[in-house]
Amino acid sequence: MISALLITGCTTSTEELLPTNGSTMRDIWDKGASNNDLHLYRSQQGRTLDPVDYIPNSEQRAYTRTAENEINNLFPRLPNPDLIMYVYPHQTRSGEPLSIPGYSTVLPFYGRVQYAQPGDRTRGL
Numbered sequence: 137m138i139s140a141l142l143i144t145g146c147t148t149s150t151e152e153l154l155p156t157n158g159s160t161m162r163d164i165w166d167k168g169a170s171n172n173d174l175h176l177y178r179s180q181q182g183r184t185l186d187p188v189d190y191i192p193n194s195e196q197r198a199y200t201r202t203a204e205n206e207i208n209n210l211f212p213r214l215p216n217p218d219l220i221m222y223v224y225p226h227q228t229r230s231g232e233p234l235s236i237p238g239y240s241t242v243l244p245f246y247g248r249v250q251y252a253q254p255g256d257r258t259r260g261l
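Residue numbers (this note's numbering): 137 to 261.
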């Protein structure tokens, strides 16, 4: 009995939540808007007629701050020379010789990548 009373106490009618009095979204928007600045902005008369001077994307890229740019500028990688090796095409030495195409591989001289602290010199004098 109590559970049925609790369940019905929390319910509301759909007419209260979603009234169907015939008003449109435009009417609701107009009632909520205190001024017509948005309508003025969206109309052609409220827009500026001067052309906008856009900066080309290639020029913007140099001035844009990204997380990658900040990390590379603050913590540059210390020089770690790479040994580039080319393995010529060959066959496996198993029971069935399989052809392996040639490929190149890169081996860094140091096992870990080291990063400089902010302000450390990464190039020679």
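Glycine residues also receive a C-beta, built at the ideal position from the N, C-alpha and C atoms.
If you're wondering where the values come from, they're calculated on a predicted model, not measured in any experiment.
DSSP, read as helix, strand or coil, puts I191 in coil. Within the same chain, Cβ atoms closer than 6 Å to the Cβ of L243 are found at L219, the five residues on either side in sequence being excluded.
Annotated three-state conformation of Q227 is strand, per DSSP. Cβ atoms of Y251 and S240 stay farther apart than 8 Å, at about 26 Å.
In the three-state scheme derived from DSSP, where H, G and I count as helix and E and B as strand, D218 is classed as strand. For the options D163, N157, M161 and V249, the alpha carbon positioned closest to that of R213 is the one of V249. Assignment of T150 by DSSP, reduced to helix, strand and coil, places it in the helix class.
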